[in-house]
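The sequence shown begins at 122 in my numbering and counts up by one.
In what follows, a structure is listed as structure tokens, so that the remarks can point back to it.
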Amino acid sequence: MSSREIKLAFGTIYDVVTARTPEDAHGPGILVLYPKGYDQNTIIQNTKLYAAEGYNCISLITDNSDEDAINSLINKVKSVESLVGQIAVIAFGQASLVAITMAKHPSIKCIVCYEPPHIDIVTSICDVIVHSSDPEIFSHLEGQSNLKVFSYPDVSNDFFSPTSASYNKPATLIAYSKTLEAIRKKIGPIYDLTALWELHTQYEFGERNVDATMSTMVDEPYVNHIPTMTGGVGYKSLKKFYTNFFVNSNPPDTKLVPISRTLGSDRLVDEMIFSFTHTCEVPWMLPNVEPTNKFVQVPLVAIVNFRGNKLYHEHIYWDQASVLAQIGALDPEGLPIVGAQAAEKLMDESLPSNELMGDAWTNISG
Numbered sequence: 122m123s124s125r126e127i128k129l130a131f132g133t134i135y136d137v138v139t140a141r142t143p144e145d146a147h148g149p150g151i152l153v154l155y156p157k158g159y160d161q162n163t164i165i166q167n168t169k170l171y172a173a174e175g176y177n178c179i180s181l182i183t184d185n186s187d188e189d190a191i192n193s194l195i196n197k198v199k200s201v202e203s204l205v206g207q208i209a210v211i212a213f214g215q216a217s218l219v220a221i222t223m224a225k226h227p228s229i230k231c232i233v234c235y236e237p238p239h240i241d242i243v244t245s246i247c248d249v250i251v252h253s254s255d256p257e258i259f260s261h262l263e264g265q266s267n268l269k270v271f272s273y274p275d276v277s278n279d280f281f282s283p284t285s286a287s288y289n290k291p292a293t294l295i296a297y298s299k300t301l302e303a304i305r306k307k308i309g310p311i312y313d314l315t316a317l318w319e320l321h322t323q324y325e326f327g328e329r330n331v332d333a334t335m336s337t338m339v340d341e342p343y344v345n346h347i348p349t350m351t352g353g354v355g356y357k358s359l360k361k362f363y364t365n366f367f368v369n370s371n372p373p374d375t376k377l378v379p380i381s382r383t384l385g386s387d388r389l390v391d392e393m394i395f396s397f398t399h400t401c402e403v404p405w406m407l408p409n410v411e412p413t414n415k416f417v418q419v420p421l422v423a424i425v426n427f428r429g430n431k432l433y434h435e436h437i438y439w440d441q442a443s444v445l446a447q448i449g450a451l452d453p454e455g456l457p458i459v460g461a462q463a464a465e466k467l468m469d470e471s472l473p474s475n476e477l478m479g480d481a482w483t484n485i486s487g
């Protein structure tokens with residue numbers, strides 16, 4: 122089941138562009154405000170995105186800061202049948218001035234403003250988050266306990282707009298994660314990312330079930346094994362990859378040993394030791410390399426992004442030079458490369474450091 126449209130009537134005061142429920146049809150609310158002239162396709166895509174994160178999302182184009190109109194609007198939002206829980210507001214550009222007025226309303230639990238204009242004062246009973254390319258314009262507001270400003274150096278004031286020539290994807294993604302963190306903290310929903318990831322890996326490595334693995338992911342996921350650029354973008358491509366080159370292609374003794382785990386609002390980072398005996402081709406890690414029967418162990422990091430209660434993408438990193446050295450495909454002599462020692466030292470920090478430096482290290486006392 123995917124998200125569905127919410128049919129709403131707000132009269133002529135506000136221009137309702139689009140509204141959607143979350144996939145399970147119930148959840149807290151996000152009211153997203155845009156200035157006039159904002160790209161409609163971007164608004165529609167954002168609405169679908171926030172619905173996928175578990176929210177009843179209502180997107181409006183507005184510059185109306187009249188308190189009576191705002192009270193009426195919030196009451197209408199609260200009347201949405203599928204809304205269970207509380208409400209947050211996200212605003213872009215000039216529409217942030219409307220959001221700041223909403224910050225005084227008791228039903229609003231969090232406000233997030235992207236590149237708001239100069240603000241003289243924030244009178245708020247809720248948390249206010251600001252994403253800004255020029256934090257100096259908010260320096261006079263320092264000390265307000267419920268206001269937090271995140272700055273993004275070397276970006277323009279429309280860095281978050283995909284249709285802008287100044288669009289900055291890395292800054293936008295970081296701001297998005299900070300936005301989710303702030304909103305989830307105040308109104309939820311909170312998902313058990315550890316349980317979701319462990320179910321995914323159980324299907325992937327334990328049961329080796331492609332359909333079950335894909336069921337834990339969004340409709341259009343992607344996976345990128347960074348050193349070899351193997352994986353897939355989109356359901357069809359990723360399923361083809363999982364079926365033919367990953368889930369059923371790992372050697373029988375493949376093993377993952379967890380070292381550490383870091384959790385964020387929409388991401389999980391696993392640090393692991395990945396090991397296997399190279400008894401068959403491993404297309405995702407060693408494509409077109411014939412089996413060598415060598416044992417390989419290498420530190421591996423998985424950065425997993427979630428959308429709501431589903432996996433969205435995985436970025437997987439490991440030291441390919443170490444893998445190639447261990448199977449005899451790369452001679453480490455004279456190169457700053459180690460083999461299995463990297464995994465061994467990750468497990469036991471007391472093992473020697475700096476051996477690749479040779480005399481440069483040993484000849485210095487201290």
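Glycine included, each C-beta is placed from N, C-alpha and C at the ideal position.
Checklist line | Spatial neighbours of residue 314 in its chain, beta-carbon cut-off 7 Å, leaving aside the 5 residues before and after | finding: Correct list, in chain order: 384, 389, 427.
Item checked: Pairwise C-alpha distance: residue 235 and residue 104 -> Outside the shown range of the chain, which is 122 to 487, sits residue 104, and nothing can be said about it.
Check: In whole angstroms, what separates the C-alpha of residue 175 from that of residue 162?
Finding: Rounded to whole angstroms, residue 175 and residue 162 show a C-alpha spacing of 21 Å.
Next item on the list: Measure from the C-beta of residue 380 to each C-beta in chain D and report whether the shortest distance is under 8 Å.
Entry: No chain D appears in the structure shown, which is made up of a single protein chain.
Notebook entry, point to check: Are the CB atoms of residue 420 and residue 467 nearer to each other than 8 Å?
Noted result: Going by C-beta atoms, residue 420 is nearer than 8 Å to residue 467.
Notebook entry, point to check: How big is the Cα-Cα spacing for residue 288 and residue 281?
Noted result: C-alpha separation (whole angstroms): 6 Å.
Next item on the list: Sort 262, 225, 140, 237 by Cα distance to residue 204 and report the nearest one.
Entry: Nearest to residue 204 by C-alpha distance, out of 262, 225, 140, 237, is 140.
Margin query: What does the Cβ neighbour count give for residue 447, buried or exposed, with the cut at 16 atoms within 10 Å?
Written below: Taking a 10 Å sphere around the C-beta of residue 447, we find 16 or more other C-beta atoms and assign the residue as buried.
Check: Measuring CA to CA, which of 154, 410, 376, 271 is closest to residue 221?
Finding: The shortest Cα separation from residue 221 among 154, 410, 376, 271 belongs to 154.
Next item on the list: Use the C-beta contact count for residue 341: other C-beta atoms within 10 angstroms, 16 or more gives buried, fewer gives exposed.
Entry: By the neighbour-count rule (16 or more Cβ atoms within 10 Å), residue 341 is not buried but exposed.
Notebook entry, point to check: Once you ignore the five residues that flank residue 438 on each side, which residues in its own chain have a CB closer than 6 Å to its CB?
Noted result: Counting only residues of its own chain and dropping the five nearest sequence neighbours on each side, residue 438 has a CB closer than 6 Å to the CB of 347, 422.
Next item on the list: Can you tell me which of 374, 394, 380 puts its alpha carbon nearest to the alpha carbon of residue 401?
Entry: For residue 401, the nearest C-alpha among the options comes from 374.
Note to self: Which residue marks the beginning of the alpha helix (DSSP H) containing residue 305, and which one marks its end?
What the structure shows: Counting along the chain, the alpha helix (DSSP H) containing residue 305 begins and ends at 290 to 308.
Notebook entry, point to check: Helix or strand or just coil, what does DSSP make of residue 444?
Noted result: In the three-state DSSP reduction, residue 444 falls in the helix class (H, G or I).
Checklist line | Distance, residue 472 Cα to residue 480 Cα | finding: Using only the alpha carbons, I get a separation of about 18 Å.
Notebook entry, point to check: Under a Cβ-count criterion, where at least 16 other Cβ atoms within 10 Å of its own Cβ denotes burial, should residue 393 be classed as buried or exposed?
Noted result: That one is buried.
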